[in-house]
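Student: In terms of this note's numbering, the sequence shown opens at residue 5 and continues consecutively.
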Amino acid sequence: MLRKKSSLLFLFLTCLTLSQSVAQTVEQPKLVIGIVVDQMRYDYIYRYWDNYSEYGFKRLVNEGYFCRNVNYTYVPTYTAPGHASIYTGTTPSMHGIIGNNWFDRTRNKTIYCTADYAYKTVGSTSSAGQMSPHNMLATTVGDELRLSNNKKSKVIGIALKDRGAILPAGHTANAAYWFDDLTGNFISSSFYLNELPAWVNAFNKENHVQKLLNNSWELLLSPDKYSQSNADVNKYEGMFKSETSPAFPHRLPLLMKDNGGLGLVRLTPFGNTLTKDFAIATLEAEQLGKKGTTDFLTISFSSTDYIGHQFGPGSMEMQDTYLRLDKDLADLLGFLDTYIGKKNVLLFLTADHAGVENPAQLGDLNIPSGYFDSEHPIDSLKSYLARSYGDTLVLSYSNEQIYLNQSYIRSKNLNLENIQTDVAGYMLKFRGIANTATASTMNTSEFKNGVKSFMQNGYNQKRSGDVLINYEPAWIEFSRTGTTHGSPYSYDTHVPLIFYGYTIPKGSNSEAISISDIAPTIAQLLNIQFPNACSGKPIIQLTK
Ligand SMILES: [Zn+2]
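Pasting the structure below:
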């Protein structure tokens with residue numbers, strides 16, 4: 005009897021608990037905004053801090069939660085893998101975006117990450133819209149949001165770069181929009197829609213790009229405020245075509261002709277302003293966050309990357325770009341205050357990779373660095389292989405990976421693993437190469453840390469090459485001006501990550517966080533399924 009009573013009590017309590025939880029609705033923010041700043045190094049937060057306004061980066065840091073030790077955990081640290089990893093919560097080994105381009109063995113040619121000729125450009129006569137996310141093998145957090153509520157949520161991606169818009173938005177996105185150099189329009193692909201919405205056409209007709217390029221690019225502040233940067237004229241930065249000096253002001257109307265016409269906007273901070281204006285237009289026109297289900301907008305600011313490549317982290321141009329991006333962020337945050345309110349929007353800001361200080365400048369400061377030119381080493385390798393095996397064997401060298409002619413190797417009954425080992429040993433003799441590893445090693449061993457773990461996280465068994473190469477720190481294959489990225493070193497992997505709005509507490513931490521942790525954190529805050537190949541974990545300070 006006693007036992008029966010207690011089980012009745014248990015039943016009563018269980019029902020009470022269940023009815024309570026049923027009565028509550030699942031908590032979600034009305035709007036999620038993911039911001040990627042292309043090539044933003046962690047140190048730009050503090051390097052330029054004193055000259056930021058109170059309303060952009062400083063507002064995010066002061067009112068949000070700043071994760072100060074967030075790193076990429078794979079190579080190569082490039083744009084497409086970065087964007088895919090942020091939103092799928094995993095690494096190229098699983099989401100399959102192993103580079104911006106890669107050699108496709110089945111088609112025997114190099115393919116572009118989002119190219120898809122099954123689709124047409126929407127909004128231009130150019131081919132810039134023949135794109136889809138098809139090569140990305142995993143779902144994004146936006147896909148999981150759409151799956152969670154029978155596609156009631158809207159998910160839209162925008163960026164100047166196609167890959168910066170397409171990969172974050174995912175497979176089930178309502179739309180992705182990116183910039184078309186030919187027309188200066190934001191365009192899309194027939195993968196998403198058959199014609200541009202009226203509001204996108206209206207935005208395009210307003211000639212934003214032409215207006216942004218009507219004036220010179222001048223310094224935002226007086227020159228003495230740029231003391232964190234090199235002198236305006238120095239040998240470490242590139243110039244626009246037809247310029248005779250890299251000095252401010254950059255006379256944009258005159259530069260258009262030789263620098264890609266309307267596409268010049270990409271190489272100026274005004275490309276970020278254009279992106280911000282289009283983001284606000286998207287929020288308003290699509291009424292994101294205003295329809296009762298959570299919507300998701302992904303924004304990628306691409307100009308920071310183009311400018312970084314041309315001028316490098318030490319340039320006044322880079323500093324000026326971040327001071328101006330700070331203003332654009334302030335505009336966006338201010339807009340969100342009145343549009344939807346801070347507590348209704350969950351926002352994060354991070355980067356798809358960082359970048360190295362100009363190696364020539366590092367060299368002049370006695371810091372080991374260098375420039376790798378793969379042409380001679382690869383030619384030398386081909387000659388060696390021809391002598392040893394009767395064929396040059398190298399089909400491609402891309403993303404620091406050597407692709408061997410496997411069908412020739414099979415047809416001659418040669419041992420692929422032995423040849424990989426031979427190539428890996430041969431390449432080590434060249435200056436600037438720090439490590440090599442074979443695909444066979446990647447397939448048969450599991451690396452938990454160190455350079456080989458970065459290689460393994462970036463290694464996709466079907467898409468990656470036969471021999472993987474890692475350069476020494478501050479060695480790049482690039483021009484001697486400006487910078488690039490791609491390595492497993494801190495200068496390329498360490499990026500800022502700030503969460504803001506909704507239930508995000510104020511604070512910061514210095515715990516080691518992987519870039520793969522962003523998507524499961526967002527998923528946890530939305531109470532939805534993690535992306536389907538997710539290998540990251542939620543950041544517990546934000547989700548408890
Ligand atoms: Zn990038």
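The beta carbon of each residue, even a glycine, is placed where N, CA and C say it ideally should be.
K261 lies in the alpha helix (DSSP H); which residues open and close that run?
Tutor: Counting along the chain, K261 falls outside any alpha helix (DSSP H), and DSSP gives it neither H nor E.
Student: Quick check: is any heavy atom of ligand 1 less than 7 angstroms from the C-beta of H608?
Tutor: The structure shown has nothing for residue 608, since the chain only spans 5 to 548.
Student: Name the two residues that bound the continuous beta strand (DSSP E) containing Y50.
Tutor: No beta strand (DSSP E) contains Y50, which is instead part of the alpha helix (DSSP H) from 48-51.
Student: Taking L141 as the reference, which of F107, G93, N153 has the closest Cα?
Tutor: Taking only the C-alpha atoms, the option nearest L141 is G93.
Student: So Y196 is in the beta strand (DSSP E); what residue range does that whole segment cover?
Tutor: Here Y196 belongs to no beta strand (DSSP E), and DSSP marks it neither H nor E.
Student: Say yes only if the C-beta of Q533 is nearer than 7 angstroms to one or more non-hydrogen atoms of ligand 1, and no if none qualify.
Tutor: No, the Cβ of Q533 stays beyond 7 angstroms of every heavy atom of ligand 1.
Student: Quick check on this structure: which residue in P33, I115, Q43, M98 has the alpha carbon closest to the alpha carbon of N536?
Tutor: When only C-alpha atoms are compared, the closest one is M98.
Student: How about I423 and I437: do their beta carbons lie closer than 8 angstroms?
Tutor: Contact: no.
Student: Indicate whether G127 and D185 have their beta-carbon atoms separated by less than 8 angstroms.
Tutor: Their beta carbons are not under 8 angstroms apart, which means G127 does not touch D185 by this criterion.
Student: Relative to the alpha-carbon of T81, which residue among R467, Y181, Y463 has its alpha-carbon at the smallest distance?
Tutor: Closest option to T81, Cα to Cα, is Y463.
Student: Rounding to the nearest angstrom, what Cα-Cα distance links T448 and T298 in this structure?
Tutor: For T448 and T298, the distance between alpha carbons rounds to 43 angstroms.
Student: From E404 to L337, what distance separates their C-alpha atoms?
Tutor: Going by the C-alpha atoms only, they are around 39 angstroms apart.
Student: Taking the C-alpha atoms as reference points, what is the distance between I508 and V79?
Tutor: If you take the alpha carbons of I508 and V79, they lie about 31 angstroms apart.
Student: Ends of the alpha helix (DSSP H) at T440?
Tutor: First-last for T440: 437-442, but that is the beta strand (DSSP E), not the alpha helix (DSSP H).
Student: Express the C-alpha separation of Y495 and R45 in angstroms, rounding to a whole number.
Tutor: Whole-angstrom Cα-Cα distance: 7 angstroms.
Student: Let's test the definition: count the other Cβ atoms within 10 Å of the Cβ of H380 and tell me whether it reaches 16, buried, or not, exposed.
Tutor: So H380 ends up on the exposed side.
Student: Can you have a look at R391 and say buried or exposed, based on whether 16 or more other CB atoms are within 10 angstroms of its CB?
Tutor: By the neighbour-count rule (16 or more Cβ atoms within 10 Å), R391 is not buried but exposed.
Student: When the Cα of P500 is compared with those of K34, S411, K62, which residue comes out closest?
Tutor: Checked all of K34, S411, K62; the closest Cα to P500 is K62.
Student: Please determine, among H489, A527, I526, the residue with the shortest C-alpha to C-alpha distance to Y76.
Tutor: If we check each option's Cα against that of Y76, H489 comes out closest.
Student: Does the beta-carbon distance from Y375 to R484 come in below 8 angstroms?
Tutor: Yes. Within cutoff.
Student: Rounded to whole angstroms, what is the Cα-Cα separation between T248 and L258?
Tutor: Each residue's alpha carbon lies about 13 angstroms from the other.
Student: Would you mind sorting K548 into buried or exposed? The rule is 16 or more other CB atoms within 10 Å of its CB.
Tutor: Exposed, since its Cβ has fewer than 16 Cβ neighbours within 10 Å.
Student: Just checking, does the region 272-288 make contact with the region 213-227 on the three C-beta pairs under 8 angstroms criterion?
Tutor: Cβ pair count under 8 angstroms is three or more, so yes.
Student: For P500, name the three-state secondary structure that DSSP assigns.
Tutor: Correct three-state label for P500: strand.
Student: Keeping to the same chain, check which residues put their C-beta closer than 8 angstroms to that of Y388; ignore five residues upstream and five downstream.
Tutor: Excluding residues within five positions, the ones whose Cβ falls inside 8 angstroms are Y430.
Student: Give me the residue from K331, S518, G267, N362 with the minimum Cα distance to A132.
Tutor: Answer by Cα proximity: G267.
Student: Apply the 10 Å Cβ neighbour rule to D330 and answer buried if 16 or more other Cβ atoms are within range, or exposed otherwise.
Tutor: By the neighbour-count rule (16 or more Cβ atoms within 10 Å), D330 is buried.
Student: CB-CB under 7 angstroms to A177, same chain, minus the five flanking residues each way: which ones, in chain order?
Tutor: Taken in chain order, the residues that qualify are G146, V159, I160, G161, Y196.
Student: Compute the minimum distance between the beta carbon of G86 and the heavy atoms of ligand 1, and state whether it is under 7 angstroms.
Tutor: It does: the Cβ of G86 is within 7 angstroms (strictly closer) of some heavy atom of ligand 1.
Student: Closer than 6 angstroms by C-beta to L20: which residues in its own chain qualify, once you throw out the five before and the five after it? Chain order, please.
Tutor: With a pLDDT of only 45 at L20, under 50, the local geometry of the prediction cannot be trusted, and the value read off the model is given with reservation. There are no such residues.
Student: Under three-state DSSP, which class holds A122?
Tutor: In this structure, A122 counts as coil in the three-state DSSP scheme.
Student: Suppose only complete runs of 4+ residues qualify. What are the alpha helix (DSSP H) ranges in the region 134-161, listed by chain order?
Tutor: 145-152, all fully within the region 134-161.
Student: Which runs of the beta strand (DSSP E) spanning at least 3 residues fall entirely within the region 385-449, listed in chain order?
Tutor: Counting only runs of 3 or more, we get 398-402, 405-408, 437-442.
Student: Hey, how far is the Cα of L418 from the Cα of S411?
Tutor: Using only the alpha carbons, I get a separation of about 10 angstroms.
Student: Buried or exposed for P227, going by 16 or more other Cβ atoms inside 10 Å?
Tutor: Classification of P227: exposed, given that the 10 Å Cβ count is below 16.
Student: Mind checking whether N409 and L399 have CB atoms under 8 angstroms apart?
Tutor: Closer than 8 angstroms, so yes.
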